[in-house]
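Okay, so here's the structure we're looking at.
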Amino acid sequence: MTAPTHIAHIKSLLHHAFGESKEKAGGAAFREIHSIHVATIVEELLSTMSEVSTEEHEEVVYAALLHDYAKRHRIGEDGYLRGSHAEEELFGFSSHEILSAHEAQQILTPLIGELRAHRVAEIITSHSDPKTTTAEVLHDADELAEMGLMNFWKMATYSAIKDRSLPATILYWFEEDRQRHLLKSEALFLDASKNYATASIEMLDMVFKQISREIGLTNENADINLPRS
302 MTAPTHIAHI
312 KSLLHHAFGE
322 SKEKAGGAAF
332 REIHSIHVAT
342 IVEELLSTMS
352 EVSTEEHEEV
362 VYAALLHDYA
372 KRHRIGEDGY
382 LRGSHAEEEL
392 FGFSSHEILS
402 AHEAQQILTP
412 LIGELRAHRV
422 AEIITSHSDP
432 KTTTAEVLHD
442 ADELAEMGLM
452 NFWKMATYSA
462 IKDRSLPATI
472 LYWFEEDRQR
482 HLLKSEALFL
492 DASKNYATAS
502 IEMLDMVFKQ
512 ISREIGLTNE
522 NADINLPRS
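Encoded structure:
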């Protein structure tokens, strides 16, 4: 099979694993969407990196698609993710990254061979604390997928479920979540990732300021002036 065929196969596994799942922040099938989103960002970052080989490129994309595969065991019926102890209790693995890597290797070995499947597993296992360029790419893409308009969608769905008002959600962005994004952007490894993060933060600033104008919560200079209650 060609790489596009492998990717189509993996996406079908993601749909089967997460298509019926629901998360409080993100809604139905969010983990499937997130995995594909991370892979899309990986492709964008890799387009700026000539030092990454074709095989490595493919392996990071496979890793991106499968990096959260084991989280299907953690999504509770209430839509909340159970703690990382779930993997250890159920399968004897210490984290979802390690279990996802194990499952990814099982999925990929028949498709791309044992050696390359092992490399994909290593990228998944190490991407939270990367020591290689390919793991850094996955780390950054995973962080970036939580920014920008996808973060807006997560905030909107979670706020609706929690009965949080629109003004309170806008205030949360400017007073709390924006600072979290800035700190996360400082911890990114690649220059292209930092540029992506900056653009994502600016986009959310623009979106929330525009919404604020439309509902009368800003002054003429577009400075946020939201009620505290």
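For any residue, its number in my numbering is found by taking its place in the sequence shown, counting from 1, and adding 301. We put the CB at the ideal spot given by N, CA and C, even for glycine. On a predicted model such as this, the values are computed, not experimentally measured, just so you know.
Across which residues does DSSP place LYS323 in a beta bridge pair? ALA329
Using CA atoms only, rank isn't needed, just tell me which of LEU489, LEU315, HIS419, ILE425 is closest to GLU447. LEU489
Contact set for MET456: own chain, Cβ-Cβ below 8 Å, skip 5 residues either direction: ALA326, THR470, TYR473, TRP474, ASP478
Which residues mark the beginning and the end of the alpha helix (DSSP H) in which GLY517 is found? Segment: none, GLY517 is in no alpha helix (DSSP H) and carries neither H nor E.
Note down, in chain order, each residue of its chain lying with its Cβ closer than 6 Å to the Cβ of TYR370, except the 5 sequence neighbours on either side. SER401, GLU404
Suppose contacts are defined by Cβ-Cβ distances below 9 Å. Is TYR363 in contact with LEU409 by that definition? yes
Tell me the start and end of each unbroken alpha helix (DSSP H) in the stretch 390-434 that is at least 4 residues and wholly inside, in chain order. Qualifying alpha helix (DSSP H) stretches, in chain order: 397-413, 415-427.
Of the listed residues THR355, SER351, ALA365, SER322, nearest to ASP441 (C-alpha basis): In this structure, ALA365 is the residue among THR355, SER351, ALA365, SER322 with its C-alpha nearest to the C-alpha of ASP441.
Since GLU437 contacts LEU367 with CB under 8 Å, what's their CB separation in whole angstroms? That pair is no contact at about 18 Å.
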